[in-house]
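Inspection log for the structure reproduced underneath, given as structure tokens.
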Amino acid sequence: MRTASITRKTRETDILATINLDNTGECKIATGIGFLDHMLTALAVHGGFGLQLHCKGDLEVDCHHTTEDVGIVIGRAIKEALTTPSAKGAVAPFMRYGSARIPMDESIGWCDLDISGRPYLVFKAEFAHPKVGELDTQMIKEFFHAVSLNAKLTLHIGADGENDHHKIEAMFKAFAYAIKEAVRVNTEGKIISTKGVL
Numbered sequence: 010m011r012t013a014s015i016t017r018k019t020r021e022t023d024i025l026a027t028i029n030l031d032n033t034g035e036c037k038i039a040t041g042i043g044f045l046d047h048m049l050t051a052l053a054v055h056g057g058f059g060l061q062l063h064c065k066g067d068l069e070v071d072c073h074h075t076t077e078d079v080g081i082v083i084g085r086a087i088k089e090a091l092t093t094p095s096a097k098g099a100v101a102p103f104m105r106y107g108s109a110r111i112p113m114d115e116s117i118g119w120c121d122l123d124i125s126g127r128p129y130l131v132f133k134a135e136f137a138h139p140k141v142g143e144l145d146t147q148m149i150k151e152f153f154h155a156v157s158l159n160a161k162l163t164l165h166i167g168a169d170g171e172n173d174h175h176k177i178e179a180m181f182k183a184f185a186y187a188i189k190e191a192v193r194v195n196t197e198g199k200i201i202s203t204k205g206v207l
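Residue numbering for the sequence shown follows this note's numbering, beginning at 10 and increasing consecutively.
Written out as structure tokens, the structure is:
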């Protein structure tokens with residue numbers, strides 16, 4: 010089982026997250042931001058992995074620190090789960106690339122990613138409203154930037170549509186299916202790179 014538990018504590022947030030890439034397992038999310046909880050639950054369910062995450066953040070300030078720091082922790086958990094040797098002392102090679110397009114009513118979200126060791130984000134989505142629930146829509150880009158940087162993946166993600174809720178949810182689900190494809194174990198046992206390393 011490729012698992013990782015990450016703790017991050019600052020003056021702004023206190024986060025504990027556990028991820029299991031090989032088992033749908035338990036999904037328990039509590040960030041204090043209802044819409045973010047909804048998106049992270051969709052990420053785990055559609056990504057096919059177990060995710061338990063608890064965050065106590067300074068929401069009396071705003072949602073920025075909580076959302077960004079949750080992205081940092083999820084990115085670190087993905088990276089650690091993929092790179093920590095098993096009990097047999099080996100790291101399981103993975104398929105590396107993933108792509109998905111997900112429709113949600115009038116909206117469509119897409120995601121193309123490469124677990125390359127080279128973090129880079131291209132984000133293409135615009136929102137009509139400043140918030141969905143208690144989550145600032147401008148924080149969607151910040152969340153994916155934090156994930157990309159800390160998981161060390163190249164991430165192209167975006168959405169078109171009219172309803173901000175639908176666009177954001179389509180993006181999270183597209184990311185879920187793309188990461189599910191990318192972390193799949195390469196049964197040939199090879200690192201997919203002409204350099205021999207990522």
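In this text, a Cβ means the ideal position worked out from N, Cα and C, and glycines have one as well.
In this structure, DSSP gives S157 a helical state, which the three-state scheme calls helix.
Looking only at G84, A39, G59, M113, the smallest Cα-Cα distance to M180 is reached by M113.
Within the same chain, I81, G84, R85 come within 6 Å of N159 by CB-CB distance, once the 5 residues on both sides are set aside. With a cutoff of 8 Å on beta-carbon distance, W119 and A183 are scored as near each other.
Straight-line spacing of the CA atoms in K176 and H154 works out to 17 Å. Between the alpha carbons of T163 and L62 lies a gap of roughly 24 Å. Residues E21, T22, G66, D67 of the same chain have their beta carbon placed closer than 7 Å to that of H74, with the five preceding and five following residues left out of the count. Contact check for A26 and I15: beta-carbon distance about 5 Å, within the 8 Å limit, so the pair qualifies.
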